[in-house]
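S.K.: Position 69, counted from 1, in the sequence shown is what our numbering calls 273; the numbers after and before it change by one each time, with no gaps. A virtual CB, placed ideally from N, CA and C, is assigned to each residue, including glycine.
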Amino acid sequence: MDVILDRSARLAFEEQERERVRMQRYEELRSESNSTAVRVRAWEKLHGLRLPTSPTHGILRVISVATGIPVVALREEQQARRDARLPRPVAKVEVPALEAEVRLETGASQQP
Numbered sequence: 205m206d207v208i209l210d211r212s213a214r215l216a217f218e219e220q221e222r223e224r225v226r227m228q229r230y231e232e233l234r235s236e237s238n239s240t241a242v243r244v245r246a247w248e249k250l251h252g253l254r255l256p257t258s259p260t261h262g263i264l265r266v267i268s269v270a271t272g273i274p275v276v277a278l279r280e281e282q283q284a285r286r287d288a289r290l291p292r293p294v295a296k297v298e299v300p301a302l303e304a305e306v307r308l309e310t311g312a313s314q315q316p
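1) Just to confirm, are L250 and L264 a CB contact at a threshold of 8 Å?
2) Should E231 be listed as close to the ligand ATP, given that the test is whether its C-beta is under 7 Å from any heavy atom?
3) Grab me the residues of W247's own chain with a C-beta within less than 7 Å of its C-beta, minus the 5 sequence neighbours each way, in chain order.
4) Inspect the beta-carbon positions of T257 and Q282 and report whether they are closer than 8 Å.
5) Rounded to a whole number of angstroms, what is the C-alpha to C-alpha distance between L278 and R289?
6) Mapping DSSP to helix, strand and coil, what is R254?
7) Can you have a look at R243 and say buried or exposed, based on whether 16 or more other CB atoms are within 10 angstroms of its CB?
8) Any idea what DSSP makes of K249, helix, strand or coil?
9) Can you find a C-beta in chain B that's less than 8 Å from the C-beta of R224?
10) Straight-line CA distance for V297 to N238?
Structure, rendered in structure tokens:
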């Protein structure tokens, strides 16, 4: 790329580049070939916001229109994110009962 010496030409080029990147991100969030999760992350990145956690938040309809993702799918993504944050239950391990108690070496276990 040639060095742009003229300040106004450089600023115009930078603005065109920003617009190109913005349009690329917009296409990413609208592309049906991407999963709902990818499209929501693209929306979050484009707008600098996070998907709200409330399933009744009004912006879900705005996100739906902007991305083409149905509100129901956005709510499913919210639930998937909630599930991912919850701690996993620990598997219960049964320990077989010992036939005899373990005795510590004490005066009670020693016989004269």
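M.R.: Concretely, from the data shown:
1) No. Outside cutoff.
2) By its list of ligands, the structure shown contains no ligand whatsoever, and the ligand ATP lies outside what it can speak to.
3) Apart from sequence neighbours up to five positions away, the residues of its chain that approach W247 with a beta-carbon distance below 7 Å are L233, I267, A270 and T271, ordered along the chain.
4) Taking C-beta atoms as the reference points, T257 and Q282 count as a pair closer than 8 Å.
5) The C-alpha of L278 lies about 17 Å from the C-alpha of R289.
6) Looking at R254 - three-state DSSP - the assignment turns out to be coil, as it is neither helix nor strand.
7) R243 counts as buried, since at least 16 other C-beta atoms from the protein chains shown sit within 10 angstroms of its C-beta.
8) Helix, per DSSP.
9) Any reference to chain B falls outside this structure, which holds one protein chain only.
10) Cα atoms of V297 and N238: separation of roughly 41 Å, rounded to the nearest angstrom.
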